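Numbering (numbering that gives the first Met the number 0) for the sequence shown: 0 to 100.
Where is the CB? At the ideal position from N, CA and C, for every residue including glycine.
All of these numbers come straight from a predicted model, not from anything done at the bench.
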Amino acid sequence: MRLHTLLFSSLFLSYAVVLATAVQCGEGAGGGALGDIVSSELFEEMLPHRNDPYCPAANFYTYDAFIAAAKLYPDFAATGDNDTRKREVAAFLGQTSHVTT
Numbered sequence: 000m001r002l003h004t005l006l007f008s009s010l011f012l013s014y015a016v017v018l019a020t021a022v023q024c025g026e027g028a029g030g031g032a033l034g035d036i037v038s039s040e041l042f043e044e045m046l047p048h049r050n051d052p053y054c055p056a057a058n059f060y061t062y063d064a065f066i067a068a069a070k071l072y073p074d075f076a077a078t079g080d081n082d083t084r085k086r087e088v089a090a091f092l093g094q095t096s097h098v099t100t
């Protein structure tokens, strides 16, 4: 279990470094419409255990960080019809919820 915690923490620390050093290329560089698919309320509902005090990364993974990270990957939830985009986001958040629970 300690290895799992170490890997999880490393993943999120890497994520933080990427966010801290990323430069967005242009006004609409990905993630722009993601807020239309996932509201902050839905994000909170789908990841209810992410702020658990026993989690080493508690209070780290926020809605704003999610939107900022999506801007780094312009193809994330940006292809296909609206239902396809929603399924892609749901799969990602489902996996995230599974890993953080």
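Return yes when the Cβ of residue j is within less than 8 Å of the Cβ of residue i, no when it is not.
{"i": "A76", "j": "L33", "result": "yes"}
{"i": "F59", "j": "F42", "result": "no"}
{"i": "S176", "j": "Y72", "result": "Any question about residue 176 goes unanswered here, given that the chain covers just 0 to 100."}
Excluding the five sequence neighbours on either side, which residues of its own chain have a C-beta within less than 6 Å of the C-beta of residue i, listed in chain order?
{"i": "E87", "result": "A76"}
If you count every other CB in all the chains shown that lies within 10 Å of the CB of residue i, and 16 or more means buried, which is it?
{"i": "A69", "result": "buried"}
{"i": "V37", "result": "buried"}
{"i": "H97", "result": "exposed"}
I'd like the span of the alpha helix (DSSP H) that includes residue i, first residue to last.
{"i": "A68", "result": "Y62 to K70"}
{"i": "D51", "result": "No alpha helix (DSSP H) contains D51, which DSSP labels as neither H nor E."}
In chain order, what residues of the same chain have a beta carbon less than 7 Å from the beta carbon of residue i, not counting five sequence neighbours either side?
{"i": "D51", "result": "A57"}
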